[in-house]
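Undergrad:
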Amino acid sequence: MATEAKRAKVDSGSEPEPLQKFLQWCDRVGLVLSDKVCVSKEGTVADYGMLAKEDIEEGELLFTIPRSALLHQGTTKISALLEQDKSFLQSLSGWVPLLLALLHEYTSPQSHWSPYLSLWTDFRTLDQPMFWSKEERERLLRGTGIPEAVDTDLTNIQREYTDVVLPFISRHPDVWDPKTHTLELYTQLVAFVMAYSFQEPQEEDEEDEEDEEEKAPNPPMMVPMADMLNHVSNHNANLEYTPESLKMVCVRPIRRGEEVFNTYGQMANWQLLHMYGFTETHRSNSNDTADVPLANLHRAAMQGAQSDAERRLLEQQGATLRLILGEKAAFIFGKQGCLTDSELHTSLKVLCMSEEEFQEFRKNDGWEEEEDEDEDEKISLAFSNEGLPGLKAPWRRLVHAAARLTLSSYRGDGEGEDGGEGDRDGLLVEDKAALAALSSRQQRALQVRYGQKSILNRLMELTKA
């Protein structure tokens, strides 16, 4: 049963001024906060967070946010302008309308949202890798996939600002000023949206099931108070959506003094660092993953070729798989096995086909007989940690070799190219004094690297001859 909730109140005059103003604003806009929780910068895992002042039971309501208090392109003061000119705001990200609203509201002293947005005086404190130097990303995060993701982000942000945003704000000098609303500020606000925005789930409609793939995702929105909760995979609260409001509900008991944690989804450490600027420890993050690129699986197969004819066949097979799965395809391994088992099953099957089998496969344009549910279950089991040791010997050798090649792509801060088991990262993780001596960036990068390498080392162990 939900506990009785009251308007947000400031607990003491010792709270920082921006937080006081924000809580007073929450009271004015009708955001209702339970007496059993408080917002604080003390005793939380990050900057701001929420703590339990009393024991809280499962099902209790922590706070309610009216939809009028959400910040998005429909609630901003310039919503009519954004709606009128929405045809000019199309972009790959779909974030431009919200970002234009944030550009305006963040720099307007009269903004209704000032008490909320003033909590972030410098978005660089988020410290996502997009704010690190390129050299630092490469040195600390090589092999993790983050440097490539950030490079893509920064390229897309600059293109979006130059091609869409700058021409638009230049046509509306009464609302925006290119000297104030710069690419630098735009990039910081992209980081803010990455780290703090919410995306409402699509409503499920049986009549629209056939068109589900064509539906555009709901645009992101800023959700005051909800975005102050920190994340762990083993969370104790969850955000629920209703037509009138959004509600944070306790999903398991929280004891007095404990932090209230939301979930941002099933996020691996590389995703948490890339998007939010933090990590969990590799042991506590049950959703951690490591990618094995298709390119490495194909390279492993090529290394085993015994003749020119075999190499030519493998080149054709690799090209076909890239067409089916994509040029940058990768197989995702979690702590319990492969999460993309169907794709890995198809790839191993194709790379181990004879010339005749492969030509038949190509004649069918890569299509095979549709597998039933029982077959899907067998594939899932075969590529789980329990099933991997029992794979066919040629498949097991390929997976093992691909994992080894992937491990060789990592390099920790100051370590060599090996990246394998027993490397410097493993020693650092176990040495508390050495770990404490690292910078926060080095510590977070270490958790990403070592978590991924642990999964890959486990994969090698399960597939060894």
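Residue 1660, in the numbering used here, is where the sequence shown stops; the numbers in between run on with no holes. We treat Cβ as the ideally placed atom computed from N, Cα and C, and that holds for glycine.
1. Count the C-beta pairs between the segment 1322-1329 and the segment 1289-1301 that are closer than 8 Å, then say yes if the count reaches three, no if not.
2. In angstroms, rounded to a whole number, what distance separates the CA positions of LEU1600 and ASN1431?
3. To the nearest angstrom, report how far apart GLU1435 and LYS1442 are at their CA atoms.
4. Mark LEU1622 as exposed unless 16 or more other C-beta atoms lie within 10 angstroms of its C-beta, in which case mark it buried.
5. Return the first residue and the last residue of the beta strand (DSSP E) that GLY1529 is part of.
6. At which residues does the alpha helix (DSSP H) containing ASP1346 begin and terminate?
7. List the endpoints of the continuous alpha helix (DSSP H) containing GLU1237.
8. Determine the extent of the beta strand (DSSP E) in which SER1229 is found, giving its start and end residues.
9. Taking the C-alpha atoms as reference points, what is the distance between THR1347 and GLY1340?
10. Check whether the Cβ atoms of ILE1650 and VAL1418 sit closer than 9 Å, and answer yes or no.
11. Do LEU1276 and TRP1308 have their beta-carbon atoms positioned less than 9 Å apart in this structure?
12. Residues bridged to MET1443 by DSSP?
13. With the cut-off set at 9 Å, would you say TYR1471 and MET1416 are in Cβ contact?
14. When the Cβ atoms of the segment 1530-1547 are set against those of the segment 1500-1507, are three or more pairs found closer than 8 Å?
15. Looking at ASP1483 and GLN1637, is the spacing between their C-beta atoms short of 9 Å?
16. Taking just the CA atoms, how far does ALA1588 sit from VAL1240?
17. Alpha carbon to alpha carbon, how far is LEU1467 from ARG1478?
18. Please state the DSSP three-state secondary structure of GLU1454.
19. In whole angstroms, give me the CA-to-CA distance for MET1420 and LYS1272.
20. Measure the C-alpha to C-alpha separation of ASP1486 and LEU1293 and round it to an integer number of angstroms.
TA: Taking the definition as stated:
1. no
2. Residue 1600 sits at position 405 when you count from the first residue of the sequence shown. Residue 1431 sits at position 236 when you count from the first residue of the sequence shown. So the two alpha carbons sit approximately 39 Å from each other.
3. Counting from 1 along the sequence shown, the entry for residue 1435 is found at position 240. Counting from 1 along the sequence shown, the entry for residue 1442 is found at position 247. When rounded, the distance between both Cα atoms is 5 Å.
4. Taking the first residue of the sequence shown as position 1, residue 1622 is located at position 427. With fewer than 16 other Cβ atoms within 10 Å, it is exposed.
5. Position 334 of the sequence shown holds residue 1529. Per DSSP, GLY1529 belongs to the beta strand (DSSP E) from 1525-1529.
6. The count along the sequence shown starts at 1 and reaches residue 1346 at position 151. Counting along the chain, the alpha helix (DSSP H) containing ASP1346 begins and ends at 1341-1355.
7. In the sequence shown, counting from the first residue as 1, residue 1237 sits at position 42. Here GLU1237 belongs to no alpha helix (DSSP H), and DSSP marks it neither H nor E.
8. Counted from its first residue, the sequence shown places residue 1229 at position 34. Taken as a continuous stretch (DSSP letters only), the beta strand (DSSP E) holding SER1229 covers 1227-1229.
9. On the sequence shown, position 152 is the one that residue 1347 refers to. On the sequence shown, position 145 is the one that residue 1340 refers to. Going by the C-alpha atoms only, they are around 11 Å apart.
10. For the purposes of this step, residue 1650 is taken as the residue at position 455 of the sequence shown. For the purposes of this step, residue 1418 is taken as the residue at position 223 of the sequence shown. Cβ atoms of ILE1650 and VAL1418: not closer than 9 Å.
11. Here residue 1308 refers to the residue found at position 113 when the sequence shown is read from its first residue. Here residue 1276 refers to the residue found at position 81 when the sequence shown is read from its first residue. No. Outside cutoff.
12. Position 248 of the sequence shown, counted from the first residue, corresponds to residue 1443. In DSSP, MET1443 forms a bridge with PHE1258, LEU1434.
13. One-based indexing of the sequence shown puts residue 1471 at position 276. One-based indexing of the sequence shown puts residue 1416 at position 221. No, these two residues do not count as a Cβ contact at 9 Å.
14. no
15. For this step, residue 1637 is matched to residue 442 along the sequence shown. For this step, residue 1483 is matched to residue 288 along the sequence shown. For GLN1637 and ASP1483, no; Cβs fall outside 9 Å.
16. Numbered from 1 along the sequence shown, position 45 holds the residue referred to as residue 1240. Numbered from 1 along the sequence shown, position 393 holds the residue referred to as residue 1588. C-alpha separation (whole angstroms): 46 Å.
17. Within the sequence shown, numbered from 1, the residue matching residue 1467 stands at position 272. Within the sequence shown, numbered from 1, the residue matching residue 1478 stands at position 283. Each residue's Cα considered, the two are about 15 Å apart.
18. As a first step, residue 1454 is located in the sequence shown; it is residue number 259 there, counting from the start. Strand at GLU1454.
19. Reading the sequence shown from its first residue, position 225 is the one you call residue 1420. Reading the sequence shown from its first residue, position 77 is the one you call residue 1272. Distance between the alpha carbons of MET1420 and LYS1272: 21 Å.
20. Position 291 of the sequence shown holds residue 1486. Position 98 of the sequence shown holds residue 1293. Going by the C-alpha atoms only, they are around 32 Å apart.
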